[in-house]
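Enquirer: My questions will all concern the structure given below.
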Amino acid sequence: MFKIATWNVNSIKVRLPHVLDWLKKHKPDVLALQETKMTDELFPKAAIEKSGYHVAYSGQKTYNGVAIISRQPIKDIVTDLPKLDDPQRRLLGATINKARILNVYVPNGESVDSTKYQYKLDWLKKLRDYVKQQLNTYSQCIILGDFNIAPEDRDVYDPAAWEDHVLVSEAERKALREILKLGFCDTFRLFDQTSGGFSWWDYRHFAFRRNLGLRLDLILANKTLADKCKRCTVDKTPRSLERPSDHTPVVAEFE
DNA sequence: ATGGTGGCGCGGCCA
251 MFKIATWNVN SIKVRLPHVL DWLKKHKPDV LALQETKMTD ELFPKAAIEK SGYHVAYSGQ
311 KTYNGVAIIS RQPIKDIVTD LPKLDDPQRR LLGATINKAR ILNVYVPNGE SVDSTKYQYK
371 LDWLKKLRDY VKQQLNTYSQ CIILGDFNIA PEDRDVYDPA AWEDHVLVSE AERKALREIL
431 KLGFCDTFRL FDQTSGGFSW WDYRHFAFRR NLGLRLDLIL ANKTLADKCK RCTVDKTPRS
491 LERPSDHTPV VAEFE
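Position 116 of the first sequence, counting from 1, maps to 366 under the working numbering, and the rest follow consecutively.
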C-alpha cells in the first residue's frame with residue numbers, strides 16, 4: 251500500500267505540531283504541504299526528519315511555499331514551471347520510487363476581474379504543458395495540492411451563491427479539465443459521488459461548524475495509478491483542532 | 001453587511 255496526502259497548512263511555523271501529530275497518527279508515505287510561508291533556511295527540517303521522513307521544500311517569506319515529506323528518498327526535484335519566470339514558490343516536482351509527484355499551490359486568483367485571475371489561468375496553462383511533457387518520461391504521475399478550484403457544483407456548499415465567482419468560475423474549471431484530459435482522474439470522485447466532501451472552510455462566519463466549505467484540495471492520478479487507487483478521503487479532524495489551518499488533509503491510498 | 005477571520009509582522013497584503 252502507498253498512502254499519499256495533501257494539506258494546505260497556512261504557515262508551517264504555526265502548524266508544525268499539527269503536522270507532526272498527523273504524520274505519527276496516519277503514517278503516510280508522502281505528505282505534500284502548501285502555504286508553508288517560510289524561507290528554506292528556516293524550514294523545520296530536523297523536526298520532520300526526526301519523525302522518520304525525508305523532506306524537500308521550496309519556500310518564500312510570508313506567502314506561498316510548498317514542501318514534500320516522504321518515507322522514501324526524494325529525487326529529481328523541480329521548483330519552477332518551464333516558460334514561467336515567477337518568484338512565487340508554488341510548485342514542487344519530485345520522483346519518489348518510480349512515481350512522479352507534482353505538488354501544486356495554484357494561485358487563488360482573488361476575483362474574476364483581477365489581474366491575479368489572469369495569472370491563475372496562465373499558471374494553469376503552463377502547468378498543463380509541463381504535465382504533458384512529464385508524461386513522456388514517467389508512466390506513474392500524481393498531481394496533488396491546493397488547486398484553488400472547486401471542480402463541479404457538488405464541490406460547493408451553495409453553488410448558486412458562488413456562480414461565476416473565483417474558485418468556481420467556468421474558465422478555471424475548464425483549465426482544470428484540460429489537465430484531467432491528459433489522462434488523470436480526480437481520485438476522490440472514484441469513490442464518492444456526494445456533495446459535502448469539502449476540504450476548505452473560511453475562517454469567518456463559523457463556516458466549518460456550519461459545513462460551508464469547498465473541495466479545493468485534490469489528488470489527481472494518471473490512469474495507470476488510478477486503476478490501483480483503493481480509497482480517497484478527506485480527514486476533517488485537524489480542522490477542528492485549536493488554531494487550525496483553514497484547509498484539512500485529503501488522503502489517497504494505492505495498492 | 002464593501003463586512004467578517006487568520007498569518008505575517010507591525011501597516012497592509014493575501015487568502
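All C-beta atoms in this analysis are idealised placements derived from N, C-alpha and C, irrespective of residue type, glycine included.
Take the Cβ of D326 as the centre, count every other Cβ of all protein chains shown within 10 Å, and call the residue buried at 16 or more, exposed below.
Expert: exposed
Enquirer: Could you compute how far the alpha carbon of Y307 sits from the alpha carbon of K480?
Expert: 28 Å
Enquirer: Per DSSP, what kind of secondary structure is I393 in: helix, strand or coil?
Expert: strand
Enquirer: Is F523 helix, strand or coil when you go by DSSP?
Expert: Residue 523 lies beyond the range of the chain shown here (251 to 505); nothing can be said about it.
Enquirer: Can you tell me whether E503 is helix, strand or coil according to DSSP?
Expert: strand
Enquirer: What are the start and end residues of the alpha helix (DSSP H) that includes L417?
Expert: No alpha helix (DSSP H) contains L417, which DSSP labels as neither H nor E.
Enquirer: Can you tell which of A411, K424, T345 has the C-alpha that lies nearest to the C-alpha of L385?
Expert: T345
Enquirer: From the DSSP output, read off the bridge partner residues of H455.
Expert: Beta-bridge pairing links H455 to no other residue.
Enquirer: Here's a check: name, in chain order, each residue in its chain whose Cβ is nearer than 7 Å to the Cβ of D414, leaving out the five neighbours to either side.
Expert: V362
Enquirer: Classify R507 as helix, strand or coil using the three-state DSSP reduction.
Expert: Outside the displayed span of the chain (251 to 505) sits residue 507, for which this structure offers no information.
Enquirer: In the DSSP assignment, find the unbroken beta strand (DSSP E) run with T483 in it and report its ends.
Expert: 479-484
Enquirer: Would DSSP call Y307 helix, strand or coil?
Expert: strand
Enquirer: Just the C-alpha distance for L352 and F252, rounded to the nearest angstrom, thanks.
Expert: 16 Å
Enquirer: I'd like the ranges of any alpha helix (DSSP H) spanning at least 4 consecutive residues and lying wholly in the region 255-288.
Expert: 262-276
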